[in-house]
Each structure stands twice: as structure tokens, then as C-alpha cells.
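Numbering (the working numbering), first residue to last: -2 to 270.
1) Measuring alpha carbon to alpha carbon, tell me which residue in 66, 51, 106 and 58 is nearest residue 75.
2) For residue 135, which residues from the same chain have a beta carbon less than 6 Å from its beta carbon, with the 5 sequence-adjacent residues on both sides left out?
3) Kindly identify the DSSP beta-bridge partner or partners of residue 116.
4) From residue 253 to residue 174, what distance separates their C-alpha atoms?
5) By how many angstroms is the C-alpha of residue 215 removed from the C-alpha of residue 88?
6) Under a CB-based cut-off of 8 Å, is residue 91 close to chain C?
7) Assess, as a yes-or-no matter, whether the stretch 149 to 163 is touched by the stretch 177 to 193 under the definition of 3 or more beta carbon pairs within less than 8 Å.
8) Just verifying my parser: in three-state terms, what is the DSSP assignment at residue 57?
9) Do residue 189 and residue 23 come within 8 Å of each other at the CB atom, strictly closer than that value?
10) Taking the alpha helix (DSSP H) that residue 203 belongs to, which residues open and close that run?
11) Under 8 Å between the Cβ atoms of residue 42 and residue 232?
Written out as C-alpha cells, the structure reads:
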């Protein structure tokens, strides 16, 4: 079985070292964010077509954290879920996927800053790493269950297990809403999301293939950023918008995640910001 899009079409992005620390307040107004290169405007996850509202993202890093920022245009900002690990995809949300050699991590955040986390491990690779040594990643954990993707049934790599009891240690998220949540009488500008992922917590992804934490200059990771909407702009709008389209309604295809290349240099022009 082939993947739904050619791997050579996957975009590459350079993530620069943050010249100054991010504020971590969700506003994305720190000098490092103003200097960071933005992604292209997100496109429809399935068709790759242009989207009705603007969405972009940027990635930075330092010795302690991977930093991710989302900018979302949205005239009506909505959210309903407030309990951690609720089914955030039922709200408007942003999603971050980080892939290692044998596993990948998923994070979802809504406008209330409610988070949902899962770690997925490819079954054929499970025995090659000490996943059993992490209690939340034991296959007999009550929140572990087989997972076959969302729209691409039968991934070429075979079956995988989702560990819904997994929480990434030290994760930080923040949301800033430019408007009023859940008030259709107000026209909002949109919302922003800021995420800080500790490198020290990503050993579960990095250790199987020995990648460095934090990354070395020139190292490359597969990282996907997307946005899902409860209100569709047109019948042709899938409701899922992404940095890199997958050609199918399924975010869980690590081979199609953008290639993020880490540079030890600050963003171009950072000193002038």
C-alpha cells in the first residue's frame, strides 16, 4: 500500500535557536517570535486547496524546549471542553505531532487552553525500546488500545498502539484570544497558541535511534502542525487545515509530516527586532 501523497512533496522548514526567551503567555509578541520565519498559510488537509481563514505557525528552540506558535484567524472563537484529555477534536483546536523513529506524540489544544495528549508506538518496534519501562506505556495499561489511524486504514508500517494515559512531563501551553469566546455578537480577530515542549521529556521519541536532545545543528525531526474547525467554510472544506496536506482525512501519517531542520543560528534579522 502506498501513502496518499508523495513523500518528496513534504515541505522543509528551518527552526532557528531563539535569540531571546519566549514569554510563554500565548501572545507570541516576544522579539524571538517576531523574528521567527512563519510557515506558509495552512491548506486543506485532504485536498491541499487554499483555506478561507489564515493560519500560520513558527517553530523555535533553545537548550531546554521546543517552542511552537500558532496564529489563527477566526471571527467567532469557540470552545466547550475544559477537562484535561477530553475529546478536544470535537472543538475547534490546534494539533501538534512530533515523530520519532518508532513512536509519535500528539497534542491538541482548544481556545480554553484545554489539552489532550496521546503517544502512539508502532507495534513492530515496541520490543526494540524500553517502552515497558514507562508505566503509562505498558501494553497492559488500561488506557492502551490498538489504533488504525483515522482515514488511512492499514498504514504501510502496520498496526500501532495508542497510549491514552500518557502525559508529557513539563509540557507548557498558553492561549491568547483576540476577542470573546462563545459570543456570536462579537466579531473576533482570532486566537494564538504557544507551546513549550521540554527536550528532556522527548527521550521516549529520541532514544530508539539515538538522536540528540536538544538537537544538534542540522538535525532533522518530523513535526506536523494542523488546525481543525467545527464550522466548515464550504462543502469542499474538509474542516482540517494543515501546514502539509495528507491527501486523506488522517493526521496520523508521520511520513508526511514537515521536515523540521534545526539551526543553531538565530532567525535572520533577529538582532534588529
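Every residue gets a Cβ at the ideal spot worked out from N, C-alpha and C, and that includes glycine.
According to the data block:
1) Considering only alpha carbons, the answer is 106.
2) Closer than 6 Å at Cβ, skipping near neighbours: 129.
3) 102 and 160, per the DSSP bridge assignment.
4) Whole-angstrom Cα-Cα distance: 30 Å.
5) A direct Cα-to-Cα measurement between residue 88 and residue 215 gives close to 36 Å.
6) This model lacks chain C altogether; it includes just one protein chain.
7) Taking one beta carbon from each stretch, the stretch 177 to 193 and the stretch 149 to 163 have fewer than 3 pairs nearer than 8 Å; the two do not touch.
8) DSSP, read as helix, strand or coil, puts residue 57 in strand.
9) In this structure, residue 189 lies closer than 8 Å to residue 23 by Cβ.
10) Unbroken alpha helix (DSSP H) run through residue 203: 200 to 203.
11) Going by C-beta atoms, residue 42 is not nearer than 8 Å to residue 232.
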